[in-house]
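Chemist: Submitted below is the structure of interest, expressed as structure tokens.
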Amino acid sequence: ITNKTNNSQKNRLIIVSNRLPIVLSKDNKGRWQAEQGSGGLITALAPVLKNRGGLWIGWPGTSRAHDKKALESVFTRAAGDFGYTFEPVFLPESLVNAYYFGFSNQVLWPLFHDLQTRCDFSPDYWNAYQKVNEIFARTIAQNIKSQDDHIWVHDYHLMGVGQALRKLHATAKIGYFLHIPFPPLDIFLKLPWRFQILESLLCYDMIGFQTQRDRRNFVQCVHAMLNHIRIKGRGQVLSTQVNGRMVRVGNFPISIDYNEFAKKAGTRAVEKRVDEIRAVFPSDHLILGVDRLDYSKGIPERLLAFRNALQRYPELEKKISMVQIVVPSRQRIPEYENLKHEIEQLISEINGTFTRPGWVPIHYLYQGVDRTELTALYRAADIALVTPLKDGMNLVAKEYCASNIHLDGVLILSEFAGASSQLYKHALLVNPHDIEGIADAINQACHMGLDERKKRMRALRKIVKKTDIYWWVDTFLKAVFSHDLDTLGPLED
Ligand code: ADQ
3 ITNKTNNSQK
13 NRLIIVSNRL
23 PIVLSKDNKG
33 RWQAEQGSGG
43 LITALAPVLK
53 NRGGLWIGWP
63 GTSRAHDKKA
73 LESVFTRAAG
83 DFGYTFEPVF
93 LPESLVNAYY
103 FGFSNQVLWP
113 LFHDLQTRCD
123 FSPDYWNAYQ
133 KVNEIFARTI
143 AQNIKSQDDH
153 IWVHDYHLMG
163 VGQALRKLHA
173 TAKIGYFLHI
183 PFPPLDIFLK
193 LPWRFQILES
203 LLCYDMIGFQ
213 TQRDRRNFVQ
223 CVHAMLNHIR
233 IKGRGQVLST
243 QVNGRMVRVG
253 NFPISIDYNE
263 FAKKAGTRAV
273 EKRVDEIRAV
283 FPSDHLILGV
293 DRLDYSKGIP
303 ERLLAFRNAL
313 QRYPELEKKI
323 SMVQIVVPSR
333 QRIPEYENLK
343 HEIEQLISEI
353 NGTFTRPGWV
363 PIHYLYQGVD
373 RTELTALYRA
383 ADIALVTPLK
393 DGMNLVAKEY
403 CASNIHLDGV
413 LILSEFAGAS
423 SQLYKHALLV
433 NPHDIEGIAD
443 AINQACHMGL
453 DERKKRMRAL
463 RKIVKKTDIY
473 WWVDTFLKAV
483 FSHDLDTLGP
493 LED
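In terms of the UniProt record's numbering, the sequence shown has 262 at position 260, counting the first letter as 1, and numbering is strictly consecutive.
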């Protein structure tokens, strides 16, 4: 990407996501207080919002009516502290359940991860989803100050916002980014509201996907289902005409704040923790898994592969240990609770079978860990096992590489993680359903010489560094809001 400035950088930016980038809590007197959230997306977008003047619209995480009044002053204060403003979208509890836990996470999430048998296609969920998307659109419309404002809508919760905004006659440019995969035609066709979803997406000016594969799936769905639309072009951004409007379709692999992870990995606090972790795990090879609790992450399959490695390669006994961290997520959905039990049962079975005096094969944490601990674990781990059944990108894979400042770690990566579209040449790629294949990769990683590990890790880090989160924000914004597509650099994808 060149550093050419363009006029689009002056426009006010409105970011829209399901949740506001703020963590709310109450102090000891019961008063609300706000802290900025800590994800990579927030880190990357906050300076852009601050520089251009910007607004973030989203659900604040509470539906209680009496909180509404109290929160208004909290958001005004937060705007002063963070340098950009917030517009909370208050949603009734009954709608949140059906829209968030229902349509978003029991229809779109499983279907888009190719797991249609886990879908609950309840019409009530769809109705709530439409209503919430309309509420979001009304809030955005009320906050548009000029038709030169740039609007960027995020993720599967809000696919219908563009269409609802067009119905309100909004003419501002709207970009949309899907953080999860887009499914192949045969799977997408199962969605009872497939036409509505496709037509809603085509109301955006840019539809951004993580990988070329997702974009190709989308294009195939459009071509098969909407005969009058032909998406054309080559390179990172394709385009088509829809009702006289230009719609663009691109792929933009999301990333992390590489420099921050690399810097953190070299701090004294992390160094100290790495020594402590290594002392606790005297085995030769420490294997790490870090995931949100989700059936798309392939955690049971990974545990079976670890067990398979111990069975088929008995010489690995006492030589490998695994740390599996699972962050609690979507606990109100029964399937997630069942998955937790399945994971815990498997771990106790494996430990029950293979533990020897002085060696427990799997160490399991069901909790979030802070950044110092996470970075120390990434640094201490000889092997990262990132084996989702399907994943939009998977930031854990990139965080592991960025933190691996001694270049001696091995990344075992699922070919169905979006990250594999960039990292496939230098990671050990596995099919996450192939238990023996993953076990073989574990064995291969354990026997890989230092020279090869360094060569691979150096190459992985170079890619993650070059296409970091700042690159991603910049590339997306340029592609949507600037007409100068020549400023886009080539992609590894
Ligand atoms: P997620 O499904 O949440 O994101 P991922 O990309 O791996 O998946 O991001 C998880 C984040 O949570 C990482 O930044 C990781 O560090 C953090 N995390 C995980 N376990 C943690 C723990 N125990 N303690 C603290 N932090 C932890 C969705 C899509 C992905 C896509 C991202 C971004 O499903 O495919 O990469 O959005 O677009």
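Virtual Cβ for every residue (Gly too), placed ideally from N, Cα, C.
Source: prediction; values computed, not measured.
Around the Cβ of HIS343, are there at least 16 other Cβ atoms within 10 angstroms (buried) or fewer (exposed)?
Modeler: Result: exposed.
Chemist: My assumption, with CB atoms under 8 Å, is that HIS159 sits in contact with LEU15. Please give the rounded CB distance.
Modeler: Not a contact, Cβ separation roughly 19 Å.
Chemist: Taking GLU417 as part of the alpha helix (DSSP H), name the residues at either end of that continuous run.
Modeler: Neither: GLU417 is in no alpha helix (DSSP H) and is coded neither H nor E.
Chemist: Measuring from the CB of ASN219, is there a heavy atom of ligand 1 at a distance below 8 Å?
Modeler: Result no, Cβ not under 8 Å from ligand 1.
Chemist: Does the Cβ of HIS408 have 16 or more other Cβ atoms within 10 Å, making it buried, or fewer, making it exposed?
Modeler: HIS408 is exposed by the Cβ-count criterion.
Chemist: Could you give the C-beta distance for PHE103 and SER65, rounded to a whole number, given that I count them as a contact under 8 Å?
Modeler: In fact, because the Cβ distance is near 13 Å, the residues do not count as touching under 8 Å.
Chemist: From which residue to which residue does the alpha helix (DSSP H) around MET227 run?
Modeler: 214-227 is the extent of the alpha helix (DSSP H) around MET227.
Chemist: Exposed or buried, ARG270, counting other C-beta atoms within 10 Å across all chains shown (16 or more means buried)?
Modeler: By the neighbour-count rule (16 or more Cβ atoms within 10 Å), ARG270 is not buried but exposed.
Chemist: Reducing DSSP to helix, strand and coil, say where PRO336 ends up.
Modeler: PRO336: helix per DSSP, three-state reduction.
Chemist: Looking at C-alpha atoms only, which residue of TYR127, LEU288, LEU367 is the closest neighbour of ALA382?
Modeler: Nearest C-alpha to ALA382: LEU288.
Chemist: Taking 8 Å as the line, does the beta carbon of HIS343 fall inside it for any heavy atom of ligand 1?
Modeler: For ligand 1, not one heavy atom lies less than 8 Å from the Cβ of HIS343.
Chemist: According to DSSP, is ALA383 helix, strand or coil?
Modeler: The answer is coil: DSSP assigns ALA383 none of H, G, I, E or B.
Chemist: In three-state DSSP terms, what is VAL362?
Modeler: The answer is coil: DSSP assigns VAL362 none of H, G, I, E or B.
Chemist: Excluding the 5 residues flanking VAL466 on each side, which residues of the same chain have their C-beta closer than 6 Å to its C-beta?
Modeler: Once the five neighbours on either side are set aside, the close Cβ partners of VAL466 are TYR260, LYS400, CYS403, ALA404.
Chemist: For PHE184, which of helix, strand or coil comes out of DSSP?
Modeler: Residue state, collapsed to three classes: coil.
Chemist: Using 10 angstroms around the beta-carbon of ARG359, count the other beta-carbons present and answer buried if the total reaches 16, otherwise exposed.
Modeler: The residue asked about is misnamed: residue 359 is Pro in this sequence, not Arg. Under this definition PRO359 is an exposed residue.
Chemist: Rounded to a whole number of angstroms, what is the C-alpha to C-alpha distance between PHE483 and ASN145?
Modeler: Each residue's Cα considered, the two are about 19 Å apart.
Chemist: Suppose only complete runs of 3+ residues qualify. What are the beta strand (DSSP E) ranges in the segment 285-317, listed by chain order?
Modeler: List check, beta strand (DSSP E) in window: 287-294.
Chemist: Answer yes if the segment 170-183 comes into contact with the segment 205-213, meaning at least three C-beta pairs across the two stretches below 8 Å, and no otherwise.
Modeler: Flag = yes, the segment 205-213 and the segment 170-183 touch.
Chemist: Measuring CA to CA, which of PRO363, ILE233, ASN219, ILE231 is closest to PHE283?
Modeler: The residue with the shortest Cα to Cα distance from PHE283 is PRO363.
Chemist: Which class does MET450 belong to by DSSP, given the choice of helix, strand or coil?
Modeler: The answer is coil: DSSP assigns MET450 none of H, G, I, E or B.
Chemist: Could you check if ASP29 is buried or exposed, using at least 16 other CB atoms within 10 Å of its CB as the buried criterion?
Modeler: Looking at its Cβ environment, which holds fewer than 16 other Cβ atoms inside 10 Å, ASP29 is exposed.
Chemist: Is the separation between the beta-carbon of CYS448 and that of LEU318 shorter than 9 Å?
Modeler: Contact flag set, yes.
Chemist: Determine, using beta-carbon pairs with one atom in the segment 386-396 and one in the segment 296-316, whether at least three such pairs fall under 8 Å.
Modeler: Judged by Cβ distances under 8 Å, the segment 386-396 makes contact with the segment 296-316, as three or more pairs qualify.
Chemist: Per DSSP, what are the beta-bridge partners of ALA36 in this structure?
Modeler: Per DSSP, LEU26.
Chemist: Please determine whether the Cβ atom of ASN396 lies at a distance below 8 Å from any heavy atom of ligand 1.
Modeler: The answer is yes for ASN396.
Chemist: Measuring straight from C-alpha to C-alpha, what distance separates LYS12 and ARG54?
Modeler: Rounded to whole angstroms, LYS12 to ARG54 spans 6 Å at the Cα level.
Chemist: At a cut-off of 8 Å, would you count LEU376 as near ligand 1, judging by its Cβ distance to the nearest heavy atom?
Modeler: LEU376 Cβ: within cutoff of ligand 1.
Chemist: Okay, do the segment 120-137 and the segment 156-171 touch, 3+ Cβ pairs below 8 Å being the bar?
Modeler: Segments in contact, yes.
Chemist: So ASN396 and GLY420 are supposed to be a Cβ contact under 8 Å. How far apart are they, rounded?
Modeler: Right, the Cβ-Cβ distance comes to about 7 Å (below 8 Å), so this counts as a contact.
Chemist: Quick one: does the C-beta of SER106 sit closer than 8 Å to a heavy atom of ligand 1?
Modeler: Checking the Cβ of SER106 against ligand 1 gives no.
Chemist: With a CB to CB cut of under 6 Å and the five nearest residues on each side skipped, what residues in its chain are close to GLN222?
Modeler: So the qualifying residues of the chain are LEU187.
Chemist: With 16 as the cutoff for other CB atoms within 10 Å, does HIS115 come out buried or exposed?
Modeler: Buried.
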